[in-house]
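A.B. asks: In my numbering, the protein residues as written are 1377 to 1454. By construction, the Cβ of each residue, glycine as well, lies at the ideal position given by its N, Cα and C atoms. All values reported here derive from a predicted model rather than from experimental measurement. I am attaching a structure below and will ask some questions about it afterwards.
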């Protein structure tokens, strides 16, 4: 029983961390309609998009999956 509780708590912590990351990504996207032009990091935008799509990209036995290979070059903010 104690072992199960530890696994459940760990799973809850991982889930909470993931929810926080998704919320931050969505907040970033919600600011896209601001009229003020801002300098942004392209890599952050890509990472936010991948985080939001993470569930769709996961392996599912009944479906073909998409493998994402990240090989970012050094880019200036634009």
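Measure how close the beta-carbons of residue 1454 and residue 1399 come, nearest whole angstrom, since I'm counting them as under 8 Å.
C.D. replies: Not really, about 25 Å apart at Cβ, beyond 8 Å.
A.B. asks: Short check: CB of residue 1406 to CB of residue 1424, under 7 Å?
C.D. replies: no
A.B. asks: For residue 1398, verify whether its CB is less than 6 Å away from any heavy atom of the ligand ADP.
C.D. replies: The ligand ADP is absent from the structure shown, which contains no ligands of any kind.
A.B. asks: To the nearest whole angstrom, what separates the beta carbons of residue 1426 and residue 1444, a pair I think is in contact under 8 Å?
C.D. replies: 6 Å
A.B. asks: Indicate the three-state DSSP secondary structure (helix, strand or coil) for residue 1390 in the structure shown.
C.D. replies: helix
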